[in-house]
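The structure under discussion appears below in the form of structure tokens.
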Amino acid sequence: MTETSQQSEALRPSRIYAAAAAVLLILGLLLPWNVHVGAGIAETRGWVFAIMVIATVPCLAALFVVESVPRWALTVPYLILVGVFTVFAIVISVRYGGTGMVAPGVGPGAWSGLAGALLAAQPRTATCDQQRVDRTCRLIGWSSIVLAVLATLFNLYFRTRFVIPGIGGDAGIQNLATAVAALLYGVVALAPALVAGRWVMSGRPGPRLAAVLLGGAAVVAGALVWFLPAGRLLDAFHGIAQNTGTVSVGYEGYLAWIAVAAIIGTPVLRSARAAGSAELWRYATRCCLALITVWCGGKAVLRITDVWLAGVLSLPTPPYNTTMLMAFDLLTAVLALWLFVNSRNRSASRTVTVVVLGILVVLTVCRLILGVALVPRIDPLNPGTVNPVFGNHLVQQITSTFDVTLSFVALLLLTGAVGFGARTSTKAVSAQPVPRPAAADTPTPAAAARIAAPNPVEAQPAAAPDRVTDVLAQSTQRFAAGTTYGGGPSTVGESESGS
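Residue numbers (full-length UniProt numbering): 1 to 499.
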């Protein structure tokens, strides 16, 4: 392979990531940044949208710059803009918490734009500083966890500040049930931020691949909830995340997952596509299955809490609806837990794993459908005051953008299992020895007739001479040397004694 072809092969992944960055940046202009700002939102002011466009153009220009320092410099304004929207959402949430005012939140436009800006800031060919990347991921992870915990505590305080003092009164049971329900809802909303926060801070390849899958699924889920006609039914805030504990998982988690996925996504995905990545995929699958188990198990507990709370407060809620939702949540959690336990065995059947993962994908989608179909509706008191961006007519909001995110995570796990299994099977077949084809029955020239040569007879070793022959030989030697005999003829015994 020539040097030019090697360079072209090395830059091919960079071109793919550059194209992904451009798509994400453009998508950031088409999606809302909060409940007041974004394309398609009437309240959006022209100068705010102009700032968003001005910040996007340098990021797109950074895709054509080779050096790493100018690329980072061109994306800094965009990162600052995302930070300003996030700080604004936090300040408003704290200032007007518990008053009934809807906080602005951070929408999917900021998520995708953040991912695109961070992808555009990465160098093309230079090797990144791994220690700096690890420090950045740990900082993002700890910030996400701390902000999520604080947001949960604030929301818990706002929901129980008038309830806890009345626990000792006449309606003590009702107040206690309300406080317990608020606590459980806050814990379940906080759990994904804690679980995924560990992935973000971990330096091991498996949790990092899980974080990349979660971040990518969050971007797709946020855009889908906004563009789908049923998006407002899936999420009352139309995909615009509030802080943790308000409804479900907050923007503290989404921003952290997406940022880390954009920072470490390039090397992690290269490792996931490389040969011998079975252990990496198995570890990442276990991490994602643990998250699905925690979330669906927690939602099942919340369904039980809803039935109990409705009974305590004498609310007219159909119990069979909540029971059906609880059954699907529990079934999904049990199936994910079974996969989590059995994936520890490396000799588990790949076919069984793929089939069960497919069933898990179906269950996560069914949870979304039932979470919208089984919840009772109410007619608005004043239809003219319905907000065009957020809100719906469901009695209770069951699903959220995070449920859609987990559906895409399960789909990615299934795709990885099928794709990696196909590559493994192909490598196993190619590794087997290829049998040589049988020789064709072609006529061969007859060999010339030859006469077999007789086998040479090996020379037998001479037999040892007997005693008479030895005496005669010695007598001959004496005669040749001039020895005379005196007397008659000698006998054999005399000759032997004379010798």
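Just so it is clear, CB atoms sit at the ideal spot from N, CA and C, and this is done for glycine as well.
Since the structure is predicted, the reported quantities are computational estimates derived from the model, not experimental observations.
With three or more CB-CB distances shorter than 8 Å, the segment 200 to 212 counts as touching the segment 257 to 270. As DSSP reads the structure, ARG377 sits in a beta bridge with LEU394. Contact between ALA182 and LEU156 holds: CB atoms are separated by about 6 Å, below the 8 Å threshold.
Counting only runs of 4 or more residues that sit fully inside the segment 156 to 210, the alpha helix (DSSP H) segments are 172 to 201, in chain order.
When the alpha-carbon of VAL404 is set against those of VAL389, CYS366 and VAL375, the nearest one is in CYS366. Taking 8 Å as the cut-off, the Cβ atoms of PRO104 and GLY222 do not count as close. Excluding residues up to 5 positions away in sequence, VAL225, LEU228, LEU368, GLY371, VAL372, THR399, SER400, THR401, ASP403 and VAL404 lie with their Cβ nearer than 8 Å to the Cβ of LEU234 in the same chain.
When the Cα atoms are used, LEU255 and GLY245 turn out to be separated by approximately 16 Å. Within 10 angstroms of the beta-carbon of THR56 lie 16 or more other beta-carbons, which makes it buried. In the structure shown, the three-state DSSP call for VAL106 is strand.
Using a 10 angstroms sphere on the CB of VAL146, the tally of other CB atoms stays under 16, which defines it as exposed.
Here PHE154 is buried, its C-beta having at least 16 other C-beta atoms within 10 Å. With a threshold of 16 other beta carbon atoms within 10 Å, ALA196 meets it and is buried. For the pair of segments examined, the segment 284 to 297 was found to touch the segment 404 to 418: the number of CB pairs separated by less than 8 Å reaches three. Contact between the segment 76 to 94 and the segment 113 to 124 is established, with three or more Cβ pairs separated by less than 8 Å. Counting the other Cβ atoms within 10 Å of the Cβ of PRO388 gives fewer than 16, which makes it exposed. Within its own chain, the residues whose Cβ lies closer than 6 Å to the Cβ of LEU309, once the five positions on either side in sequence are excluded, are ALA177 and ALA181, listed in chain order. Here GLY250 carries a coil assignment [DSSP, helix/strand/coil]. Considering only ALA148, ARG45 and GLY166, the residue with the shortest C-alpha distance to ALA241 is ALA148.
By DSSP's assignment, GLY311 forms no beta bridge with any residue.
With respect to ILE359, LEU381 sits apart: the two C-beta atoms are not nearer than 8 Å. For PRO123, the secondary structure class from DSSP, reduced to helix, strand or coil, is coil. The beta carbon of ALA189 lies closer than 7 Å to those of THR152, THR244, GLY245, SER248 and VAL249 in the same chain, with the five residues before and after it left out.
Under the 10 Å beta carbon count, SER144 is surrounded by 16 or more other beta carbons and is classified as buried. If you draw a straight line from the Cα of LEU374 to the Cα of ASN321, it is about 6 Å long. Around the C-beta of LEU27, 16 or more other C-beta atoms lie within 10 Å, and the residue is accordingly described as buried. Between SER112 and VAL200, the CB-CB gap reaches or exceeds 8 Å.
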